[in-house]
């Protein structure tokens, strides 16, 4: 029982680390920063799921680290995306334990398409849908911290989309120098 308790506590601790990384990532308006922080967050999520013995979710989370690296190098590259989608399916088949693995698989597939083929708000919509799938996966794994993390990631992502939409609507004001008299006064 001590081992299970320790593993559970470690899983919760790692999920809180992932939470912090993801919140900072999704609050960023820059896609590059989002991707880099998500690399580290998914290492934490893979570790968390392994501690909870949710192997499909652990495998797909680990694969997401590779996916993020590939999408940064090969954005919008269909062949690479298809390779990652196939790898996601292979990981799921090799570690499948039953219907409780469906949300993790859906999250992996949605996230892969979104990250390879979309940018800006559309990408974040796909990632928000994937986050909802990860919420379900965390609930099924018994991860309190992971469930909170993915719920907050979803909300942070939605807020960032609203900020991006607002910024796109704001008129740009050209930089014009002030006349000398106003600058001195």
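In our numbering, the protein residues as written are 17 to 201.
C-beta atoms are modelled at their ideal positions from N, C-alpha and C, and glycine is treated no differently.
Comparing alpha-carbon positions, the option among 93, 113 and 73 lying closest to residue 159 turns out to be 73. Residue 32 has its alpha-carbon roughly 29 Å from the corresponding atom of residue 181. In the structure shown, residue 112 adopts coil according to DSSP, grouped into three states.
One Cα belongs to residue 21, the other to residue 92, and the distance between them is close to 43 Å.
Pairwise C-beta distances place the segment 50-60 in contact with the segment 71-90, as three or more of them are shorter than 8 Å. When the five nearest sequence neighbours on each side are left out, the beta carbons in the same chain lying within less than 7 Å of the beta carbon of residue 67 are those of 23, 26, 27 and 30, in order along the chain.
Counting other Cβ atoms within 10 Å of its Cβ, residue 138 stays below 16 and is therefore classed as exposed. With contact defined as three or more Cβ pairs closer than 8 Å, the segment 116-132 and the segment 142-151 are in contact. The C-beta separation of residue 132 from residue 97 comes to about 4 Å, placing the pair in contact by the 8 Å criterion. If you draw a 10 Å sphere on the C-beta of residue 35, you find 16 or more other C-beta atoms in it, and that means buried.
For residue 75 and residue 43, the gap between their C-alpha atoms comes out near 26 Å. A straight line joining the alpha-carbon of residue 123 with that of residue 152 spans about 10 Å. Put simply, the backbone Cα of residue 60 is about 9 Å away from that of residue 78. Here the alpha carbons of residue 113 and residue 167 stand approximately 24 Å from one another.
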